[in-house]
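Okay, structure first, notes after.
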Amino acid sequence: MPGLSLIVPAADGARFYAALEAATAASALGRPARLFLQGEAAALLRTPVSFAGDAARRAAGQPDLASLIAEAMAMGVRLIVCQSGLALAGMTANELAPQVRAGGLVSFLAEAGAGDQMVVY
C-alpha cells in the first residue's frame, strides 16, 4: 500500500495537528506515514510540546498536541525534524523525544516510496 509523506514547513501548531491527524488516519488504514517538520516548524517539538489550540481540543474531547504525537508514534507514524530547523530553533537532536529523529529534506525525499503521496501542510 502506498505511503503518506507529509511536510510541515512552518511553525503553525494547527497545521501540524492537522498533519498528525492525517498521518494517524493513514496509519489506521494500514498505510505507512511520515511527517517532516521543515525549518521553523522544528520549534513545534520544543518541550513541553503544546500549541494554542490545546485547551479547545481537550474541551472537545480530543487529544492535545503532545498526546496526539504520542498516539501517532505508537501507531508507527515516523516523525523527522529538519536538522537546519533545529539550528533555527536553537535546539539540538538531544532535546527531541527518543522516537523522533533529525534528518534532512534530501533523505526524507529519498526514503519516499515510488507510489507515496506527498502533501505539504
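Per the working numbering, residue 175 is the first one in the sequence shown, and the count goes up by one each step.
Virtual Cβ for every residue (Gly too), placed ideally from N, Cα, C.
{"Check": "Helix, strand or coil at V223 [DSSP, three-state]", "Outcome": "coil"}
{"Check": "Counterpart residues of L253 in DSSP-defined beta bridges", "Outcome": "L209"}
{"Check": "Cβ neighbours of G289 in the same chain (closer than 6 Å, five flanking residues each side left out)", "Outcome": "P176"}
{"Check": "Stretch-stretch touch, CB-based, cutoff 8 Å, three pairs: the region 232-239 with the region 270-279", "Outcome": "no"}
{"Check": "Three-state secondary structure assigned by DSSP to A271", "Outcome": "coil"}
{"Check": "Same chain, Cβ closer than 6 Å to A246, neighbours up to 5 away in sequence not counted", "Outcome": "L194, A197 and T198"}
{"Check": "Of the residues A217, S241 and G250, the one placed nearest L203, counting alpha carbons only", "Outcome": "G250"}
{"Check": "Contact check, I243 vs F210, beta carbons under 8 Å", "Outcome": "no"}
{"Check": "Residues bridged to L283 (per DSSP)", "Outcome": "Partner(s): none; L283 has no beta bridge."}
{"Check": "Contacting residues, own chain, Cβ-Cβ under 6 Å from A216 (five flanking each side not counted)", "Outcome": "V255, C256, G259, L260 and A263"}
{"Check": "Contact set for G287: own chain, Cβ-Cβ below 6 Å, skip 5 residues either direction", "Outcome": "G177"}
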